[in-house]
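Quick note: the sequence shown, position 100, residue 100 per the UniProt record's numbering, numbers continuous.
Quick reminder that beta carbons are idealized off the backbone N, C-alpha and C, glycines included.
These numbers were taken from a predicted model, which means no experiment stands behind them.
This report refers to the structure that appears directly beneath it.
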Amino acid sequence: MGYDVEKLWERYHELMSIAVDEANNRKIKEELEAKMRDLEGKAQITRNRMAVLRKEMVQLEASSKIQVEGTQNLESKIRKCTLKEEVNFVNFKAAATKPW
Numbered sequence: 001m002g003y004d005v006e007k008l009w010e011r012y013h014e015l016m017s018i019a020v021d022e023a024n025n026r027k028i029k030e031e032l033e034a035k036m037r038d039l040e041g042k043a044q045i046t047r048n049r050m051a052v053l054r055k056e057m058v059q060l061e062a063s064s065k066i067q068v069e070g071t072q073n074l075e076s077k078i079r080k081c082t083l084k085e086e087v088n089f090v091n092f093k094a095a096a097t098k099p100w
């Protein structure tokens, strides 16, 4: 029983090529997994930052609401003072034109 050496060498080179391809594929897979871990880490950092920003936004909205209410209170006081001044002016004018 004789071996066809040429076919054996062909098969050897074919298997070596497959082995090289598998090694390259493993390397690519490891690189992709490393990139995936890196991206997952960055995504977690982004999620954490978004949570912080949401918290800050809620605080700013609450602060803004307080400022709006304060502004509305001041505007109301200004209107009351203006109305009192107008009433006082009318009363003063009426008193000034009244004969003694």
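Less than 6 Å between C-beta atoms, sequence neighbours within five positions excluded: which residues of the same chain meet that for residue i?
| i | result |
| --- | --- |
| residue 4 | none |
| residue 18 | none |
CA-CA distance, residue i and residue j?
| i | j | result |
| --- | --- | --- |
| residue 31 | residue 38 | 11 Å |
| residue 91 | residue 77 | 21 Å |
| residue 73 | residue 83 | 15 Å |
| residue 93 | residue 55 | 56 Å |
| residue 60 | residue 51 | 14 Å |
| residue 47 | residue 64 | 25 Å |
| residue 22 | residue 34 | 18 Å |
| residue 13 | residue 53 | 59 Å |
| residue 10 | residue 2 | 16 Å |
In chain order, what residues of the same chain have a beta carbon less than 8 Å from the beta carbon of residue i, not counting five sequence neighbours either side?
| i | result |
| --- | --- |
| residue 8 | none |
Consider the C-beta atom of residue i and the heavy atoms of the ligand MG; say whether any pair is separated by less than 6 Å.
| i | result |
| --- | --- |
| residue 31 | The model on display carries no ligand, and the ligand MG is accordingly not part of it. |
For this session: Could I get the ranges of all uninterrupted beta strand (DSSP E) runs contained in the segment 26 to 82, with 3 residues as the minimum, in chain order?
Result: none
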